[in-house]
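Only one structure is covered here, and it is reproduced in the block below.
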Amino acid sequence: MTISTLPSAQEFEEKGHAEVELVGFRYSGEQSTKTDHDVRERTGYNGPPKFQRGQIYLALLPTWLDPEHVENSNIGVHAVEARNDFDVIYDAKRLAEALLERNYLPPDVFYEGFDRWKRGHVFDKLELEDIGRIHDKDDEEPFRDQLREIAGIERDDEASVSQQRADEYTGRFSRSDASEVVKILRQDADEIDLRTAGLTDMAEYLTRFEPDTVETAVDVALGDADLEDVDLDLEPVTDAGSEAEADESASE
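Under the numbering used here, the first residue of the sequence shown carries the number 885, and numbering increases by one thereafter.
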């Protein structure tokens, strides 16, 4: 998950011809997956035109464009606000929650080699303290602590993150969609029987994998990526409880 924006947004803003803001938006319609090119064409969102129900997409979208200097000055976040099947999120607390729920910090904002313009907008909106760049996963925790504070989430609350993810997948996917994603991730048919498994069972199975691994599998299942072109981390997620049990067993 990157922070999407118009390629020309930075140029327009630096010239004083645009105002750009970090927002989140999500599809809330009846379909499990919505293909909508109109969102791309009318908002300034530059990501794939397929949207999973309930998933929050983060973007730097124009809130104002100067009609005297920008040809397509009618595009912007207002185009999503006018839709009854999309919700727009401006609140920093909810945006911080979205980053924590995805368990993924966008490299173009947080990691070494970040986009300085994007990072500035995200840090200003969330009021994050710049404590340096991230080189690997071990460096993420100080930023995650800040996001937890903004979102009002205690560390202990993260024990329920697997259930939150399972609930998200249940809301996003139909049974047939979830089945296609599971087929890509499972290494042995004995791990989960898709003939008898319900949507809840499949959603819980998906929480065994890192969130970005699941999202990559979703792209493959939806035809947005080819299996041979992606790198899937099929190592199961080890939660804090399992680590504690392992440490206790080792000490015995």
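Ideal placement from N, C-alpha and C gives every residue a C-beta, glycine not left out.
Should the stretch 1080-1096 be called in touch with the stretch 974-992, which here means at least 3 C-beta pairs below 8 Å? yes
Suppose only complete runs of 4+ residues qualify. What are the alpha helix (DSSP H) ranges in the stretch 933-1006, listed by chain order? 962-965, 976-986 and 991-994
Residues that Tyr-911 bridges to, as DSSP identifies them: Within the sequence shown, the letter at position 27 stands for residue 911. Per DSSP, Arg-937 and Phe-970.
Whether or not the stretch 966-977 and the stretch 992-1003 are in contact is what I'm after, with contact meaning three or more pairs of Cβ atoms, one per stretch, closer than 8 Å; do they touch? no
Cross-strand partners of Ser-888 (DSSP beta bridge): Against the sequence shown, residue 888 aligns to sequence position 4. Paired residues: Ala-943.
Segment limits, alpha helix (DSSP H) that includes Thr-1097: In the sequence shown, residue 1097 corresponds to position 213, counting from 1. 1095-1105 is the span of the alpha helix (DSSP H), which, as asked, contains Thr-1097.
Please list the terminal residues of the continuous beta strand (DSSP E) segment that includes Lys-918. In the sequence shown, the residue the question calls residue 918 occupies position 34. From DSSP, the beta strand (DSSP E) with Lys-918 extends over 917-919.
Could you check what DSSP says for Glu-1033 in three-state terms: helix, strand or coil? Counted from its first residue, the sequence shown places residue 1033 at position 149. Helix, per DSSP.
Do Val-1104 and Met-1142 come within 8 Å of each other at the CB atom, strictly closer than that value? Residue numbering for the chain in the displayed model covers 885 to 1136; residue 1142 lies beyond these limits and cannot be assessed.
Bounding residues of the alpha helix (DSSP H) (the contiguous stretch that carries Phe-896): By one-based count along the sequence shown, residue 896 stands at place 12. Phe-896 -> alpha helix (DSSP H) spans 893-898.
Between Leu-942 and Leu-979, is the Cβ-Cβ spacing less than 8 Å? Numbered from its first residue, the sequence shown carries residue 942 at position 58. Numbered from its first residue, the sequence shown carries residue 979 at position 95. Cβ distance < 8 Å, so Leu-942 and Leu-979 count as in contact.
Take Ala-902 as the anchor and find which of Ser-1060, Asp-1113, Gly-1004 and Gly-960 has the nearest alpha-carbon. Counted from its first residue, the sequence shown places residue 902 at position 18. The shortest C-alpha separation from Ala-902 is found at Gly-960.
So what does DSSP say about Ile-1076, is it helix, strand or coil? Residue 1076 sits at position 192 when you count from the first residue of the sequence shown. The answer is coil: DSSP assigns Ile-1076 none of H, G, I, E or B.
For Ala-1043, the three-state DSSP class (helix, strand or coil): Position 159 of the sequence shown, counted from the first residue, corresponds to residue 1043. Residue placement at Ala-1043 cannot be trusted, given a pLDDT of 49 that sits under 50; what the coordinates show is reported in the next sentence. The answer is helix: DSSP assigns Ala-1043 an H, G or I state.
Other residues of its chain near Glu-981: CB distance less than 6 Å, five sequence neighbours each side excluded: Counted from its first residue, the sequence shown places residue 981 at position 97. Once the five neighbours on either side are set aside, the close Cβ partners of Glu-981 are Ala-1035.
Within the same chain, show all residues whose beta-carbon is closer than 7 Å to that of Arg-926, passing over the 5 residues directly before and after it, in chain order. Here residue 926 refers to the residue found at position 42 when the sequence shown is read from its first residue. Only Ile-959 and Ala-963 meet the Cβ criterion.
Using 10 angstroms around the beta-carbon of Lys-899, count the other beta-carbons present and answer buried if the total reaches 16, otherwise exposed. Counted from its first residue, the sequence shown places residue 899 at position 15. So Lys-899 counts as exposed.
I'd like to know whether the C-beta atoms of Thr-917 and Gln-936 end up nearer to each other than 8 Å. Within the sequence shown, the letter at position 33 stands for residue 917. Within the sequence shown, the letter at position 52 stands for residue 936. Yes, these two residues count as a Cβ contact at 8 Å.
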